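**Q** Sharing a structure below in structure tokens format, with a few things to ask.
Residue numbers (the numbering used here): 10 to 693.
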């Protein structure tokens, strides 16, 4: 925001050197970027953060100066004289998209004479880098730089039907803007139209067909409030950014809208003549009620580390425009006005131009920056409480440790994908991915539903560099679309490797065991492209899918241009946050030795390993210690068609004594008999 030194003097006394003022503003939050001399004036460039749109106008900066130096702030009254003709007899406004345009107001000036603006106005605009055009256009720009409220002036005589319709454009509708370039609009945007066509891109730029010219006599003055997200999306989609869109994106003062409209009409009457029609057309929502905020003096002292007298605190906040709840001004008071509060508590209602003041900490910051951070001694003690990491943070840290210990390298990838990559793997949802209007990289405009495609792209780049070992993992969020509203952000662990898919399964199971050794997972068919059905599975936790993993098919590798065998895995982390147990308990080592038996069972091709493993665990009961998968063997001539042999090792242990070979054989026979009855298995 560039501020004119001479212009600023209109609202507040400036009897200090400009260097001192620049330093004070910088220490209070408006960083000084530089100062240039322009035609006898000073153009002071201030960095205004996105939470302070009130300082995107000279009045906002003047208010800061007045508070810092305890000076009086002079605000123009903005009281234009009205004629007798009611405005609603001459024009109308219809608001068809209140979700894009919250409020729209219009005033009408008739009989104005267009010409050059006066020298003092031109000099002020030039100081800010703006080019003077004519008196009416310069006035609308002047008011914008004065208070931060964008305005637009239409040539009323060129509005078809003499009316304004605020609506969504039809698909493919085109408008020629005042920069004399054509822009193709979409229904996601907000268009200001007359009875026939768009005449402005709402909140961004006016149209050439209704711009003010030397032939203009009647002027319709627009002052509106638009949805900030819509304005930002429109400006980016059209690559059309303006001083107006910059301010609408950061929200304007909803209660200052009428003042800006009156101020603009007042200046038009003074500099262009004419008559202002009686009244104002005002459609849309009313400014929202502002909630009071409580400030505890004890909390202020705890955070800042110094005690500031209550009178000083009250004076600072009142000067900033806040209204104390027990002392209403002009009939405005807080919702708890009149109620008894603790002696050391204040309750203030923030002004409409300070939407960033919503919490007690915000008021503490305001008092601190105005009182002066340089007033706080460097060695002051500030009481603090050590923070405790959330369980989700502890789980994430342990997952990273376990994956690194397994020989994987952590990767960081973008959250957006190209459409073709997004379609390759989406295990958690079949709903279409959300698309961004602005791609981060060329073509990458979809919020990813899985992290695996991103890792496979990284794997491809590593293969191009002939890296011999490519084991990558990433802990990131997926964005799963919902029926309405924002997507559900689901944290996941994703991995890619060149190892056997069963080894990768062991790595994932090891991560779960590191979080809680007591958690038991079961495996089931994955049935997800592009995973190989014969070398993939999904891991279930209490019957719910926790992870997908497996080897990519040849077609899957080709879609990512991968050369070597590739395995992938993706696991949801949210369920593990609930089950994580970091309280490790001592367990006495077994006092008696274990005994092992190999089982080689021939079963139908349709029988899954998990089914057999569940039966073995159940029959082994309290003697069960461990079941290890060893191999799968297929031979149609020896085993028969559609048969396979599953080789496993069963470890048994008795906690009360040494288990004999006869006991182990008897238990093995019962297990084999149960597998024969349940799964048609035969001991080989």
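We treat Cβ as the ideally placed atom computed from N, Cα and C, and that holds for glycine. No experiment lies behind these values; they were computed from the predicted model shown.
1. Could you pull the start and end residues of the beta strand (DSSP E) that residue 474 belongs to?
2. On the three-state DSSP scale, how would you describe residue 507?
3. Which ranges does the beta strand (DSSP E) cover as unbroken runs of at least 3 residues, wholly within the stretch 514–580, from first to last along the chain?
4. Let me know the beta strand (DSSP E) ranges lying completely inside the stretch 108–146, each 3 residues or longer, listed in chain order.
5. Determine, using beta carbons only, whether residue 632 and residue 676 come nearer to each other than 9 Å.
6. Assuming residue 443 and residue 488 make a contact with CB atoms under 8 Å, what is their CB distance in whole Å?
7. From residue 142 to residue 449, what distance separates their C-alpha atoms?
8. Helix, strand or coil: how does DSSP classify residue 248 here?
9. So residue 270 is in the alpha helix (DSSP H); what residue range does that whole segment cover?
10. Residues in its own chain within less than 6 Å of residue 595 by CB, not counting five upstream and five downstream?
11. Could you pull the DSSP bridge partners for residue 290 from this structure?
12. I'd like to check one pair, residue 138 with residue 185: are the Cβ atoms closer than 9 Å?
13. Cutting at 7 Å between CB atoms, please list the residues of its own chain near residue 127, excluding the five before and the five after it.
14. Using 8 Å for Cβ pairs, my map puts residue 20 next to residue 82. What's the rounded Cβ distance?
15. Work out the CA separation of residue 94 and residue 79 for me, nearest whole Å.
16. Would you identify the three-state DSSP class for residue 64, choosing helix, strand or coil?
17. For residue 505, count neighbouring Cβ atoms within 10 angstroms of its own Cβ and tell me buried if that reaches 16, exposed if not.
18. CB-CB under 8 Å to residue 272, same chain, minus the five flanking residues each way: which ones, in chain order?
19. The beta strand (DSSP E) with residue 260 in it runs from where to where?
20. Does the beta-carbon of residue 665 have 16 or more other beta-carbons within 10 angstroms, so that it is buried, or is it exposed?
21. Hey, could you find the ends of the beta strand (DSSP E) residue 200 is sitting in?
22. In three-state DSSP terms, what is residue 154?
23. Can you tell me which of the three DSSP states residue 35 falls into?
24. Less than 9 Å between the beta carbons of residue 618 and residue 532, yes or no?
25. If contact is defined by three or more beta carbon pairs under 8 Å, each pair taking one atom from either stretch, is the stretch 243–259 in contact with the stretch 57–67?
26. Report yes if the CB atom of residue 613 is closer than 9 Å to the CB atom of residue 653, and no otherwise.
27. Just verifying my parser: in three-state terms, what is the DSSP assignment at residue 243?
28. With DSSP as the reference, label residue 604 as helix, strand or coil.
29. Using the C-alpha atoms, what's the distance from residue 384 back to residue 589?
30. For residue 304, which option in 30, 145, 332 has the closest C-alpha, if you only look at C-alpha atoms?
31. Distance, Cα to Cα, residue 45 vs residue 135?
32. Just to confirm my understanding: we take residue 56, look at its own chain, exclude 5 residues before and 5 after, and list those with CB closer than 6 Å. What are they?
33. What do you get for residue 396, buried or exposed, if any count of 16 or more other CB atoms within 10 angstroms of its CB means buried?
34. Do you know offhand how far residue 578's Cα is from residue 467's?
35. Using 9 Å as the threshold, is the C-beta distance between residue 96 and residue 53 below it?
36. Could you tell me which residues DSSP puts in a beta bridge with residue 302?
**A** In brief:
1. Judged by DSSP secondary structure, residue 474 falls outside any beta strand (DSSP E); it is assigned neither H nor E.
2. Note: residue 507 maps to coil in three-state DSSP.
3. If we require 3 residues or more, the beta strand (DSSP E) runs fully inside the stretch 514–580 come out as 531–533, 540–550, 553–561.
4. Fully enclosed beta strand (DSSP E) runs of 3 or longer: 110–119.
5. In this structure, the beta-carbon distance from residue 632 to residue 676 falls below 9 Å.
6. Contact check for residue 443 and residue 488: beta-carbon distance about 6 Å, within the 8 Å limit, so the pair qualifies.
7. Each residue's alpha carbon lies about 37 Å from the other.
8. Correct three-state label for residue 248: coil.
9. Counted as a single uninterrupted DSSP element, the alpha helix (DSSP H) harbouring residue 270 occupies residues 266–281.
10. Answer for residue 595: no residue qualifies.
11. DSSP, once it has assigned bridges, lists 115 as partnering residue 290.
12. No, they are not a contact pair.
13. Same-chain partners within the cutoff: 280.
14. Here residue 20 really is in contact with residue 82; their C-beta atoms are around 6 Å apart, less than 8 Å.
15. Distance between the alpha carbons of residue 79 and residue 94 is about 44 Å.
16. Residue state, collapsed to three classes: helix.
17. Its Cβ being crowded by 16 or more others within 10 Å, residue 505 is buried.
18. If you ignore the 5 residues before and after residue 272, its C-beta comes within less than 8 Å of the C-beta of 85, 87, 152, 155, 156, all in its own chain and listed in chain order.
19. First-last for residue 260: undefined, no H or E at that position.
20. Counting of Cβ neighbours within 10 angstroms places residue 665 among the exposed residues, the total staying below 16.
21. Where residue 200 is concerned, the enclosing beta strand (DSSP E) stretches over 200–202.
22. If DSSP states are grouped into helix, strand and coil, residue 154 belongs with the helices.
23. Helix.
24. Result yes, Cβ atoms of residue 618 and residue 532 sit closer than 9 Å.
25. In short, these stretches touch, since the Cβ pair count reaches three.
26. Cβ distance < 9 Å, so residue 613 and residue 653 count as in contact.
27. Of the three classes helix, strand and coil, the one that applies to residue 243 here is helix, per DSSP.
28. In the structure shown, residue 604 sits in a strand (DSSP, three-state: E or B).
29. Those two C-alpha atoms are separated by around 47 Å.
30. Nearest of 30, 145, 332 to residue 304, Cα basis: 332.
31. If you draw a straight line from the Cα of residue 45 to the Cα of residue 135, it is about 12 Å long.
32. Same-chain partners within the cutoff: 40, 42.
33. Burial call: exposed.
34. Taking the straight line from one Cα to the other gives about 15 Å.
35. No, Cβ-Cβ distance for residue 96 and residue 53 is not below 9 Å.
36. Partner residues in the beta bridge of residue 302, as assigned by DSSP, are 357.
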